[in-house]
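See structure below.
Residue numbers (my numbering): 402 to 723.
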């Protein structure tokens, strides 16, 4: 029984912190572990690319792996076994180097020329004994403002960096991030594969069963171990249309519904809570026939122009380029 606002947010926090190791997540995690362990065993460093649409779980895989390799504070020197860096949109070579330095906690990361920053990145990776480097949102290296997805200053800098550091690197990003491979022969040669995190589907019986299993896990989590059958009947399809099969959206939707349930003191999530959570947490224009939990919902994917899952002009151009 939730008795206060603090208890409410504690309950929500517990659910948010748990991870569902669904098949694609588990496979990506194991591939990261593979290149990490191979390098530690003295093999030539291999790199890995993890691709998937927004909400598919890429960043969660990286976060989960980093969690098992925390920073080690030793008497004379700090160690960072696994370093994760998120690449900001529209990066420059200077900002890339600076962000990596900041992630390592290097003081005055903003100082110096590009060459000096690059040297500091390489020496700091060695000094702090970084064993594995993770670069998230690598599609930003291609740049939304660039006319093509070929080589540019940022991808050339990455190529140089990979040539000079002797550790495995994980590159994670949106599907069109694959275009980086066409700009970097060194990366292609040392690549241990591309692991795709795909959205769940309801197109066939097996796919629908997989998605139902994920919903059942969340159902149990948001009902304190007593699921109510959220995957049953047409609710499976309503949840699919609401999230396009993306686990990040499903998590946000159902945790939002949990918050509404707790705030109102109800024992279980009801349809109106899902309808409200969809509008509040996923798409504020998703009302009436465009809300999967409304009685007059159109029962289709919400991927038309200006809808929640509509492809952007840039993503379409990027996909065609790959």
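Glycine residues also receive a C-beta, built at the ideal position from the N, C-alpha and C atoms.
In the DSSP assignment, residue 494 falls within the unbroken alpha helix (DSSP H) covering 494-504.
Within the DSSP bridge table, the entry for residue 448 names 592 as partners.
When the beta-carbon positions are compared, residue 648 and residue 470 stay at least 8 Å from each other. The C-alpha of residue 686 lies about 51 Å from the C-alpha of residue 445. Within the DSSP bridge table, the entry for residue 485 names 535 as partners. Taking a C-beta distance under 8 Å as the contact criterion, residue 679 and residue 641 do not qualify as a contact pair. The continuous stretches of beta strand (DSSP E) do not include residue 578, and DSSP gives it neither H nor E. Closest by C-alpha distance to residue 425, out of 600, 655 and 625, is 600. In the DSSP secondary-structure assignment, residue 479 is bridged to 474. With contacts defined as CB atoms closer than 8 Å, residue 532 and residue 476 fail to qualify as a contacting pair. Judged by DSSP secondary structure, residue 701 falls outside any alpha helix (DSSP H); it is assigned neither H nor E. Straight-line measurement puts the Cα of residue 639 at about 10 Å from the Cα of residue 633. The alpha-carbon of residue 501 is positioned some 45 Å away from that of residue 672. The stretch 566-575 and the stretch 454-462 touch, with no fewer than 3 CB-CB distances between them shorter than 8 Å.
If the five residues before and after residue 434 are omitted, its C-beta is found closer than 8 Å to the C-beta atoms of 466, all from its own chain and listed in chain order. Residue state for residue 672 is assigned as helix, using DSSP reduced to three classes. Unbroken alpha helix (DSSP H) runs of no fewer than 4 residues, entirely contained in the stretch 614-646, are found at 636-644, following chain order. The secondary-structure analysis by DSSP pairs residue 597 across a beta bridge with 452. In the structure shown, the three-state DSSP call for residue 571 is strand. When the five nearest sequence neighbours on each side are left out, the beta carbons in the same chain lying within less than 6 Å of the beta carbon of residue 602 are those of 608 and 646, in order along the chain. By the CB criterion at 8 Å, residue 587 and residue 563 fall inside the cutoff. When the beta-carbon positions are compared, residue 654 and residue 675 come within less than 8 Å of each other. In the structure shown, the three-state DSSP call for residue 410 is helix. Residue nearest to residue 442 within the set 430, 616 and 568 is 568 (criterion: CA-CA distance). Judged by their CB atoms, residue 585 and residue 556 are nearer to each other than the 8 Å cut-off. A straight-line Cα-Cα distance of about 46 Å links residue 582 and residue 697. Of the candidates 644, 462, 682 and 643, 682 places its Cα closest to the Cα of residue 660. Per DSSP, the unbroken alpha helix (DSSP H) holding residue 459 starts and ends at 459-468.
Where residue 653 is concerned, the enclosing alpha helix (DSSP H) starts and stops at 648-665.
Separation of the CB atoms of residue 462 and residue 430 is rounded to 6 Å, and the pair is thereby assigned contact status at 8 Å. Here DSSP, grouped into helix, strand and coil, assigns residue 523 to helix. Exposure of residue 509 is indicated by the presence of fewer than 16 other C-beta atoms within 10 angstroms of its C-beta. When DSSP states are grouped into helix, strand and coil, residue 559 belongs to the helix group. Going by C-alpha positions, residue 621 is about 11 Å away from residue 670.
Excluding its 5 nearest sequence neighbours in each direction, residue 538 has C-beta neighbours in its own chain below 7 Å: 487, 488 and 574, listed in chain order.
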